[in-house]
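Protein chains in written order, with the UniProt record's numbering: chain V, 1 to 613; chain X, 1 to 613.
We put the beta carbon where it would ideally sit given N, CA and C, even for glycine.
First up is the structure itself, then whatever we jot down about it.
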């Protein structure tokens, strides 16, 4: 962004005026616009981009709340800078997590005091969120929380709202999925029985894709498809627009799975609930089920359980693990080609901006076997743009990549055999001592997580401090989590595990076969951003002792891209850290070198970057 | 214990038979005997030692449950070995925290299935525990949870039960307390208002002692006195046996505090509740209030809040902090004298057992200014006894201290200006390489906590891994917390803070002025125990940056006793750890040397032990 800041700002005045008219007509004084779709997806299809449409803020997380005279947008630390740049003066930014800043719920409740109604599209809010909000509203002398069938933002958007995608599904073969969907159904039915359920309503799109070994193309970067599933001891029903089901898919599912229209789930589960729900047996949903679903079925017929499919999906089977390792090696080769190419281009004075550079990276990835697409928009960020944590360069406004400034590139791809996600921060000129110090503090935290050993039963919650400890000692920190679960040719962010300060991460122990990112960072606003991200696999460690017969776990790093030597201050690394780094580089070299046959330049570059420090 | 194991085992057959007769007469099939007294005290007076009387297990923590045919005792990892040695064959040991082992609640619920009643003295269980147990009992098709007025174990004990102590109170002068009780009352009344209370019932003994700047002598090692307090916007009532109130104490409390008999609290708060409790205003209690109290007042008149006095007490004022520093220097001097003396005694062949050695340590402490007594029974443990985490040597059965075995000494004292608690693990012969390795792994963890830097708002929960990380890497661990709050001439264990895996520790951020222990350990059953414990003070750290304007905190170590050089393997320490150790030793030397004027031997020993490694 070096030459002038130029994120585009949308004028939301007219949109807000239209929305407020509709709010008045529907007797709603406070209107909530969540960023999620009806499946609580993190990434959404353009048709569901209501929060971005109404607020102008295009980040992936946040919630808008509108009253007759005010409008607020709440988002987290990754997006503070971006939101400040994108929101126009109609909007108040609520910086989530900062002291004294209300959450969007608190803000909405305050505005609703004195008997005012809060409205929300019941499909776009989870039942638990709605319940908690309704209770608080009551305690604060507010009006009603109204779960609406109609979406007011859609009405404002009108004809300009994009269409819902209709692309065909693809079958994920056993050579990639590792386990037939029939076996997965057997396991899930055991969970249904264990949880005293008459059936399980599945609304998370990645859970449905995983369960049936199917992949789609409805949401950018996420190989999922709009659908619901309903699993009973005898039936498995997939609710989906039939246009998406090819003959091959239908054949593959055979008589094990019934196909019904997308919206038929509502009446089906209502009828089923009325016929089967007893005091002891309920319809099972997970915390991501929409309020619309639970309201329709009747809350007394429903029991909310920890998502059994999410839990099963998080532990990758051997085929998936091997696929992830291979996908990361191919992805690493593409990144090595890219960083070698970029260095040469910049040093000889070629001009590339953040977008054209990222395009080149995509080209290298595309050449690799099993490539399907990117797993998220590449964060190709030069200099101060790197400090915008989830920055997305736009062609018209993006900055030039500058050999004399830190360049942060967070990118990943979907391969048939795995999803990748990694970040490298590089410098092709002479970094300042301060930049090297910051980078090396982040690197030390990254290595501390990579080398961690912990007893079975430990969660990612307790590992977070390992990543931050060196920054903290310098009075530094970063405003995002340290790690997220990663899907297997599925969503790049998946639950239930994570490394970070969210309490939910403490509820799920890390198990062998889980994949999680390791991505500490440091961001100097207006200057530069640093993040070092690898995907790591939970493995059993062969410790010299096994106190308490607990088993001790640790990580195997699967991402295969060299760290930046120029930004590393070796005097800040201790012996163990140096050993880890050198061994990692040796492994990167050995595992990727075969990709550069006939490409002497890249091979030499790789040799140089991975030789022992 | 070297020559044969000889912990005394009590035959509980007759006691259990008597108890079972009483249970049958009271229509109770499952009877709970908690280890706490009516104030949920951790340490108890002999009169309240009901769980030890009925089970024979004398450790400080645990719960006994008796049915017509079975008896179980649940305790935590600190006490597994001791419980195994002390329980007779009437008892089943429930090792709390091990996989597949039921909690005492689960065990009791299982036994109560099929409509059986569970009985418990309502004074000895908190309202929250009773409520949770009663609900689960209902779900498990058990009978009733009966909160009894009579204690069945007392009836079995009969005349042999010790008497309730009646010693006089002592006033803690402002030079030690740092803040007049009137000011504390003003602050607590603000908290009562903030929590919408008509009054606050205080039942924790250390909270009452702290609030009124009074100390007592009712519970061994804890300078507290049996009492309740009730604070309203206009009144402060201390419920206590009037025999304990001297004329001076009465004068000191003046017209600010009313004295009433110990048991008068029940009728008083019932009447007050009936007169004042409304929908918006309740009688406030904390989670430690007994079920007897809340049942008597009426649960609809009560609101349970986070203990405001506990929170205020945990943050020491400047006088208390200075007192704690000074008390720890004097205490350190006594320990230095002791360890120097012990080394000389053992090396010249003098014979001391664990008790006579501990007596000598007490002598050195007694000579120090402001000494009042020990803060807990000294854990003086040689060789394999060190692996019994809360071992208490008994004269008749204890082991000889052996220069060729590891000796672990965990001890502390009450001084007028502070409470001390520290552990040193030493060896006066030639430790094995394995012993040195284990010791140094523990030392590395200890130093990692001592050196930790963390943003304001962090809890002790997240620091726990710092202490364990090096042990984990070797597949080792310890089965106790890493740190507990420490009182100021009060209980050696106090809430609400702690370093460890209990979720409650994550709810309370560490604040400047808090004192906490730092005590990782390692225990090789049947061989040796290692623990290194210092008390540390939370201080603000002068970090080079202050990211997010958060403020960064860390610790100042206040315990002043050298670590064991013989057990330290310097090759396992990195530069930062070595620097910390050498600086700590220099500080120990500088702060304690003046105590050894005319004691050349001890001074030379100290010089040797604190010279740079």
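- Annotated three-state conformation of residue 262 of chain X is coil, per DSSP.
- Apart from sequence neighbours up to five positions away, the residues of its chain that approach residue 10 of chain V with a beta-carbon distance below 6 Å are 56, ordered along the chain.
- Linking residue 237 of chain V to residue 194 of chain V through their CA atoms gives a straight-line distance of about 20 Å.
- Closer than 8 Å to the CB of residue 31 of chain X there is not a single CB belonging to chain V.
- Not a single CB atom of chain V sits nearer than 8 Å to the CB of residue 449 of chain X.
- For residue 302 of chain X, the uninterrupted beta strand (DSSP E) run begins and ends at 302-304, by DSSP.
- Fewer than three pairs of CB atoms, one per stretch, sit closer than 8 Å, so the segment 600-611 of chain V makes no contact with the segment 594-609 of chain X.
- One finds 474, 475 and 476 in chain X with Cβ atoms closer than 7 Å to the Cβ of residue 545 of chain V, taken in chain order.
- Using beta-carbon distances, residue 454 of chain V counts as an interface residue toward chain X, with a partner under 8 Å.
- Per DSSP, the beta bridge partners of residue 63 of chain X are X:34 and X:74.
- In this structure residue 139 of chain V is exposed. Its beta-carbon is surrounded by fewer than 16 other beta-carbon atoms within 10 angstroms.
- By the rule that beta-carbons nearer than 8 Å mark a contact, residue 214 of chain V does not touch chain X.
- The C-beta of residue 552 of chain X comes closer than 8 Å to at least one C-beta of chain V.
- Against chain V, the beta carbon of residue 466 of chain X has neighbours under 8 Å at 465 and 469, listed in chain order.
- Chain-order list of chain X residues neighbouring residue 548 of chain V: 477, by C-beta distance under 7 Å.
- Using a Cβ distance threshold of 8 Å, residue 329 of chain X and residue 591 of chain X count as a contacting pair.
- Distance check between residue 273 of chain X and each of X:108, X:214, X:295 and X:263 places X:295 closest, using alpha-carbon atoms only.
- Counting only runs of 3 or more residues that sit fully inside the segment 230-279 of chain X, the beta strand (DSSP E) segments are 236-239 and 258-260, in chain order.
- Going by C-alpha positions, residue 284 of chain V is about 8 Å away from residue 196 of chain V.
- For residue 498 of chain V, the uninterrupted beta strand (DSSP E) run begins and ends at 494-499, by DSSP.
- For residue 101 of chain V, the closest C-alpha among the options V:143, V:117, V:80 and V:116 is that of V:80.
- Around the beta carbon of residue 433 of chain X, a 10 Å sphere encloses fewer than 16 other beta carbons of the protein chains shown; the residue is thus reported as exposed.
- Contact of residue 574 of chain V with chain X is assigned, a C-beta pair being separated by under 8 Å.
- Listed in chain order, the non-local C-beta contacts of residue 288 of chain X below 8 Å within the same chain comprise 39, 40, 126, 203, 204 and 307, local neighbours out to five positions each way being set aside.
- The C-alpha of residue 223 of chain X lies about 34 Å from the C-alpha of residue 281 of chain X.
- Residues 453, 552, 553 and 554 of the same chain have their beta carbon placed closer than 8 Å to that of residue 541 of chain X, with the five preceding and five following residues left out of the count.
- For residue 361 of chain X, the uninterrupted alpha helix (DSSP H) run begins and ends at 354-366, by DSSP.
- Taken in chain order, the complete alpha helix (DSSP H) segments of 4 residues or longer contained in the segment 406-473 of chain X are 433-451 and 464-473.
- Rounded to the nearest whole angstrom, the C-alpha separation of residue 505 of chain V and residue 404 of chain X is 46 Å.
- Under the three-state reduction of DSSP output, residue 395 of chain X falls in the coil class, being neither helix nor strand.
- Residue pairing by DSSP places residue 557 of chain X opposite X:536 in a beta bridge.
- When only Cα atoms are considered, residue 315 of chain X and residue 312 of chain V end up about 45 Å apart.
- About 30 Å separates the Cβ atoms of residue 467 of chain X and residue 219 of chain X, ruling out a contact at the 8 Å cut-off.
- With respect to the C-alpha of residue 106 of chain X, the residue from X:89, X:85, X:134 and X:83 having the closest C-alpha is X:134.
- For residue 377 of chain V, the closest of V:347, V:413, V:408 and V:232 by C-alpha to C-alpha distance is V:413.
- Residue 93 of chain V: member of the beta strand (DSSP E) spanning 92-95, first to last residue.
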